[in-house]
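Q:
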Amino acid sequence: MKTNQKLTVDLHVHSAKSDGSLSPSDLVSYAIKKGLTAFALTDHDTVDGIEEALNAAKGTDITVIPGIELSTEYEGKDIHIVGLMIEKEEPAFRNKIQEFVHSRELRNQKMCQKLTEAGMPLAYEELLKEFPNAVITRAHYAQILLKKGYTKSLKEAFERYIGDHSPCFIPREKVTPEDGVKLILSAKGIPVLAHPIQYGMGDMRLQLLIDRLKEAGLQALEAIYCTHSPSEEAQMKALAKKNGLLISGGSDFHGNAKPNLEIGTGYGSLYIPKEVLDDLIQRKQELFP
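If you use the numbering used here, the sequence shown corresponds to residues 85 to 373, in order.
(1) So if DSSP puts residue 357 in a beta bridge, which residue, or which two residues, is it bridged to?
(2) By Cβ distance, which residues of its chain are closer than 7 Å to residue 361, with the 5 residues on each side in sequence left out?
(3) Rounded to the nearest angstrom, what separates residue 371 and residue 147 at their Cα positions?
(4) Are the beta-carbon atoms belonging to residue 267 and residue 154 less than 8 Å from one another?
(5) Measuring alpha carbon to alpha carbon, tell me which residue in 275, 161, 151 is nearest residue 289.
(6) Taking residue 293 and residue 165 to be in contact with their CB atoms under 8 Å, please state how far apart those CB atoms are, rounded to whole angstroms.
(7) So for residue 242, helix, strand or coil by DSSP?
(8) Would you say residue 332 and residue 350 are within 8 Å of each other, going by their C-beta atoms?
(9) Examine the Cβ distances between the segment 195 to 212 and the segment 174 to 187 and report whether three or more of them are shorter than 8 Å.
(10) Jot down the residue ranges of each uninterrupted beta strand (DSSP E) in the segment 317 to 367, minimum 3 residues, whole runs only, in chain order.
(11) Leaving out five residues before and five after residue 108 in sequence, what residues of the same chain have Cβ atoms less than 6 Å from its Cβ?
(12) Alpha carbon to alpha carbon, how far is residue 328 from residue 152?
(13) Please return the same chain residues whose Cβ sits closer than 7 Å to the Cβ of residue 256, not counting the five positions on each side in sequence.
(14) Pull up the distance between the alpha-carbon of residue 171 and that of residue 249, whole angstroms please.
(15) In the DSSP output, which residue or residues are listed as bridge partners for residue 161?
(16) Going by the beta-carbon positions, is the gap between residue 381 and residue 280 smaller than 8 Å?
(17) In whole angstroms, what separates the C-alpha of residue 348 from that of residue 149?
(18) If residue 261 sits next to residue 297, beta carbons under 8 Å apart, how far is it from one beta carbon to the other, in whole angstroms?
(19) Run the CB neighbour count on residue 353, radius 10 Å, all protein chains shown included, and call it buried at 16 or more, exposed below.
(20) Which residues does DSSP pair with residue 304 in a beta bridge?
(21) Tell me where the beta strand (DSSP E) around residue 124 begins and ends.
(22) Measuring straight from C-alpha to C-alpha, what distance separates residue 346 and residue 339?
(23) Straight-line CA distance for residue 175 to residue 163?
(24) Grab me the residues of residue 194's own chain with a C-beta within less than 8 Å of its C-beta, minus the 5 sequence neighbours each way, in chain order.
(25) Comparing C-alpha positions only, which one of 231, 258, 221 sits nearest to residue 247?
(26) If residue 217 and residue 142 are in contact, beta carbons under 8 Å, what's the gap, nearest whole angstrom?
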């Protein structure tokens, strides 16, 4: 890395252990190639890729931050809570994650049955074979429906069959955002409300959600995000400051699953300075001395 290059991090990144396209070790190599100082592996509802990423980073100049992105539900909306610097072997945390895995397996079996009944035969075992060692998400369904010729695009798969209100969608059992925050704290991690603009809640409803999450122990807001405009980023930074929260930032990198979205730089203008991570590290030390 050039000495005059700005030190940049990315605190929201996915691997093939959930719905990204790169393995955890390939992700480390790619992040190094892109000049990052650190990145957080925040796969959906799983920590299965963390050990591989940490091992791949040994002896390199990059730091891997153990993380997770939890799917929760609030007023019918899918709300994501990112956990940073988690200690994944904490018993209460580990047990709850195992419950998530079991719930997701049951849901996927039911969705395969729904698709089959709708004239698009898909066995659960076929899904697992196509995406080995991955936490199956609807992105995987869209890919296999396209591959089998049942749809002409990934977008069509969601719009016609597996979107939130589509005929073959089965909602997965979810926890509340407050439970997500508390679960991350149980792993001695820093809970972050992910991409708040995406929820389209309006100022008042978003503030009500933040109030509830702060009471549960929320520590940060993902103010820097790949789709935020400069004014939205400024708005979220001001909201974090108003509520006494730290800021976090991430690209939400998925590899090929989100074309043109790069790790570290998002769609081109994303920049998350290392100081953001430094502040979060300091907060963890204060919370869990």
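For glycine and all other residues, C-beta sits at the position ideal for the given N, C-alpha and C.
Because the structure is a prediction, the values reported are computed rather than measured.
A: Per the coordinate set shown:
(1) 92
(2) 93, 95, 122
(3) 21 Å
(4) yes
(5) 161
(6) That belief does not hold up - the Cβ atoms of residue 293 and residue 165 are roughly 11 Å apart, past 8 Å.
(7) helix
(8) no
(9) no
(10) 330 to 334
(11) 99, 133, 136, 137
(12) 23 Å
(13) 187, 188, 191
(14) 36 Å
(15) 158
(16) Since the displayed the chain opens at 85 and closes at 373, residue 381 lies outside it and no answer follows.
(17) 14 Å
(18) 6 Å
(19) exposed
(20) 276, 330
(21) 122 to 125
(22) 7 Å
(23) 24 Å
(24) 254
(25) 221
(26) Going by Cβ atoms, the distance from residue 217 to residue 142 rounds to 21 Å, so no, they are not a contact pair.
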